[in-house]
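*Asks:* By my numbering, the letter at position 57 of the sequence shown is numbered 48, and the numbering carries on one by one without gaps.
The beta carbon of each residue, even a glycine, is placed where N, CA and C say it ideally should be.
These numbers come from a predicted model, not from an experiment.
Have a look at this one before I ask anything.
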Amino acid sequence: MRRLQPEISQTADAPATSRRFRGERRDAAGQTTPLLAQAVAEERAVEIRLNGLSQAVMMASPTDFEDFATGFAFTEGLIEDPADILSLTLRHEALGSVIDILAPMIEAEASTRALSGRSGCGLCGVRSLEDAMRCTADVTPQPAIDAAAIQAAVQALADHQPLNRETRAVHAAAWVARDGRIQAVREDVGRHNALDKLIGHLLRTQLDRHDGFLLITSRCSYEMAQKAAKADVGTLVAVSAPTALALTLAREVGLTLVAVARADSHILFTSPEK
-8 MRRLQPEISQ
2 TADAPATSRR
12 FRGERRDAAG
22 QTTPLLAQAV
32 AEERAVEIRL
42 NGLSQAVMMA
52 SPTDFEDFAT
62 GFAFTEGLIE
72 DPADILSLTL
82 RHEALGSVID
92 ILAPMIEAEA
102 STRALSGRSG
112 CGLCGVRSLE
122 DAMRCTADVT
132 PQPAIDAAAI
142 QAAVQALADH
152 QPLNRETRAV
162 HAAAWVARDG
172 RIQAVREDVG
182 RHNALDKLIG
192 HLLRTQLDRH
202 DGFLLITSRC
212 SYEMAQKAAK
222 ADVGTLVAVS
232 APTALALTLA
242 REVGLTLVAV
252 ARADSHILFT
262 SPEK
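Spelled out as structure tokens, the structure:
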């Protein structure tokens, strides 16, 4: 698959995605059992810069940096087209990692949002209601996804989550073909980061975003629906419940939102005609 921009240039080896810690299991009776070293997910501060100017610092899993930077920049409106990106430079430091996006055609300004995000943060640092509730264009109308395809993807997803299988501590976002085959997965300690990474992957590899659906392992909050709509994906499937605001946004922009998705059932909250 042709990629839209060069691979990331990095100055050092990527940090590990997990570390091992010893512990002991204690039961209600006070009995303890020593445990073998347990794999624990790493979490790292990642600063995203645009043309040398800081835009955000997020806590994230140290993987798929190029996808994360591209997806975040796109869904947050820092860039409108991934083709604007000339290069990505990654630098690992003692306190975290820095990704600098070089996009000469974009007039970057130092962020006034002071966006410093926790791993569970979606709208961290937004300074006004207008910024938080920014308009999202309508989603391009797309054919309905078969229920069997949704349920097959939910059933298969765990097999595509190696980091979560190791640590039991990370979220995933998957791109699924219309027939239910999982084509790409990105994992992260933050659900928003996982989705940004996946959207970045879709943009960088030019996968057809009108020929499949997004599947996330979390609840569907407003900003998750917002990111899906920004990517012009027609259907977003979540394994947990949605918020009312996410449903409102989905209805406004024509996003089909499926939630509480299981291997044998799911709930279709929007676009009832589908």
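Out of Ala237, Ala160, Arg82, point me to the one whose CA is closest to Ser9's CA.
*Replies:* In the sequence shown, counting from the first residue as 1, residue 9 sits at position 18. Nearest option by C-alpha distance: Ala160.
*Asks:* Would you mind sorting Glu282 into buried or exposed? The rule is 16 or more other CB atoms within 10 Å of its CB.
*Replies:* For residue 282 there is no data in the structure shown, the boundaries of the chain being -8 and 265.
*Asks:* In the structure shown, what three-state DSSP assignment does Leu44 receive?
*Replies:* Start at 1 with the first residue of the sequence shown, and residue 44 comes out as number 53. Here Leu44 sits in strand by DSSP.
*Asks:* Quick one: Cα of Glu98 to Cα of Ala232, how far?
*Replies:* Here residue 98 refers to the residue found at position 107 when the sequence shown is read from its first residue. Here residue 232 refers to the residue found at position 241 when the sequence shown is read from its first residue. For Glu98 and Ala232, the distance between alpha carbons rounds to 39 Å.
*Asks:* Return the first residue and the last residue of the beta strand (DSSP E) that Leu194 is part of.
*Replies:* For the purposes of this step, residue 194 is taken as residue 203 along the sequence shown, with counting starting at 1. Unbroken run through Leu194 is the alpha helix (DSSP H), 182 to 196; no beta strand (DSSP E).
*Asks:* Excluding sequence positions up to five away, which residues of its chain have a Cβ less than 8 Å from the Cβ of Gln146?
*Replies:* For the purposes of this step, residue 146 is taken as residue 155 along the sequence shown, with counting starting at 1. Once the five neighbours on either side are set aside, the close Cβ partners of Gln146 are Ala254.
*Asks:* Let me know if Pro153 comes out buried or exposed under the rule of 16 or more other beta-carbons within 10 Å of its beta-carbon.
*Replies:* Within the sequence shown, the letter at position 162 stands for residue 153. Looking at its Cβ environment, which holds fewer than 16 other Cβ atoms inside 10 Å, Pro153 is exposed.
*Asks:* At which residue ranges does the region 209 to 248 contain complete beta strand (DSSP E) runs of 3 or more residues, listed in the order of the chain?
*Replies:* Complete beta strand (DSSP E) runs here, min 3: 226 to 229.
*Asks:* Would you report the Cα separation of Ala165 and Val224, rounded to the nearest angstrom?
*Replies:* In the sequence shown, residue 165 corresponds to position 174, counting from 1. In the sequence shown, residue 224 corresponds to position 233, counting from 1. Looking at the two C-alpha atoms, the distance is approximately 12 Å.
*Asks:* Look at the Cβ atom of Thr212, then the Cβ atom of Ala237, and state whether they are nearer than 8 Å.
*Replies:* As a position in the sequence shown, residue 212 is number 221, starting the count at 1. As a position in the sequence shown, residue 237 is number 246, starting the count at 1. Contrary to the premise, residue 212 reads as Ser rather than Thr in this sequence. Contact flag set, yes.
*Asks:* On the three-pair Cβ rule with 8 Å, is the region 72 to 82 touching the region 21 to 28?
*Replies:* These segments do not touch.
*Asks:* How big is the Cα-Cα spacing for Leu259 and Pro134?
*Replies:* For the purposes of this step, residue 259 is taken as the residue at position 268 of the sequence shown. For the purposes of this step, residue 134 is taken as the residue at position 143 of the sequence shown. Distance between the alpha carbons of Leu259 and Pro134: 15 Å.
*Asks:* Report all residues from its chain with a CB closer than 8 Å to the CB of Pro132; omit the five preceding and five following residues, and keep chain order.
*Replies:* For this step, residue 132 is matched to residue 141 along the sequence shown. Excluding residues within five positions, the ones whose Cβ falls inside 8 Å are Gly225, Gly245.
*Asks:* Less than 8 Å between the C-beta atoms of Gln29 and Arg16, yes or no?
*Replies:* Within the sequence shown, residue 29 is the residue found at index 38, counting from 1. Within the sequence shown, residue 16 is the residue found at index 25, counting from 1. Taking 8 Å as the Cβ cut-off, Gln29 and Arg16 do not qualify as a contacting pair.
*Asks:* Evaluate Gly62 with the Cβ neighbour count: other Cβ atoms within 10 Å of its Cβ, from every protein chain shown; 16 or more gives buried, anything less gives exposed.
*Replies:* The residue given as residue 62 occupies position 71 in the sequence shown. Gly62 should be labelled buried.
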